[in-house]
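Before any comments, here is the structure.
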Amino acid sequence: MLHYLKKNKWVFVLASIVALIYGVHHIIISRRLSSQNLVYHPIIVNEDEALFTAPKAHAAFLGTWIVTDFNTYEHRDELPYILPFLSPLVMGKLGMLLGSTERAFIAGDFLFPGLIFLLFYALAYECTKKKL
Numbered sequence: 007m008l009h010y011l012k013k014n015k016w017v018f019v020l021a022s023i024v025a026l027i028y029g030v031h032h033i034i035i036s037r038r039l040s041s042q043n044l045v046y047h048p049i050i051v052n053e054d055e056a057l058f059t060a061p062k063a064h065a066a067f068l069g070t071w072i073v074t075d076f077n078t079y080e081h082r083d084e085l086p087y088i089l090p091f092l093s094p095l096v097m098g099k100l101g102m103l104l105g106s107t108e109r110a111f112i113a114g115d116f117l118f119p120g121l122i123f124l125l126f127y128a129l130a131y132e133c134t135k136k137k138l
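Heads up, the sequence shown is in the working numbering, so the first residue is 7 and it goes up one at a time.
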């Protein structure tokens with residue numbers, strides 16, 4: 007394993023750069039808003055996160071392992087939500103680790119792009135057997 011890490015160290019540097027590119031906006035916006043005495047809330051960035059992903063992730067943050075239909079009160083005791091449930095579960099548990107759902111979304115913007123880059127690199131390496 008150590009040999010693999012030494013052999014492909016530039017891949018991890020590139021993955022870190024990718025993670026920084028996708029996450030640095032949180033730092034910039036937060037600093038600009040704090041200089042104006044405003045609080046930064048990253049979840050209102052787009053409609054999908056604010057209306058669908060964040061409430062399910064917050065439910066997982068509160069301890070729910072199986073998220074049901076969160077949009078209507080009358081469906082609260084029904085079967086689990088049929089759309090992909092792993093994303094809100096991961097984000098909710100990451101939020102538990104970091105202390106809030108908002109921190110989980112910020113950390114996710116740093117963590118997941120780098121991991122996806124590493125996965126694509128590993129896939130390309132396996133397919134071509136060449137270092138990129």
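All residues carry an ideal CB built from backbone N, CA and C; glycine is no exception.
Subject >> Any non-hydrogen atom of the ligand ATP closer than 7 Å to glycine 105 Cβ >> reply: Among the components of this structure there are no ligands whatsoever, and the ligand ATP is therefore not found.
Original post:
What separation, rounded to the nearest whole angstrom, lies between the Cα atoms of alanine 130 and histidine 32?
Top reply: 30 Å
Subject >> Start-to-end residues for the alpha helix (DSSP H) that takes in threonine 134 >> reply: 107-134
**OP:** Pair every Cβ in the region 117-129 with every Cβ in the region 20-36, then say whether three or more of these pairs are closer than 8 Å.
**Re:** Counting Cβ pairs under 8 Å, three or more are found: they touch.
Original post:
Just checking my contact of arginine 109 with glycine 101 at CB under 8 Å: how many whole Å lie between their CB atoms?
Top reply: 7 Å
Original post:
Skipping 5 residues on each side, what residues in its chain have a beta carbon closer than 8 Å to that of serine 22?
Top reply: Gly120
Original post:
Taking the alpha helix (DSSP H) that histidine 31 falls in, what are its first and last residues?
Top reply: 15-41
Original post:
From what residue to what residue does the alpha helix (DSSP H) around glycine 98 run?
Top reply: 92-104
Original post:
For alanine 113, which option in Ala25, Ile34 and Lys15 has the closest C-alpha, if you only look at C-alpha atoms?
Top reply: By alpha-carbon distance to alanine 113, the top candidate from Ala25, Ile34 and Lys15 is Ala25.
Subject >> Exposure of phenylalanine 123, with buried meaning 16 or more beta-carbon neighbours within 10 Å >> reply: buried
Original post:
So, using beta-carbon positions, are serine 93 and threonine 59 closer together than 8 Å?
Top reply: yes
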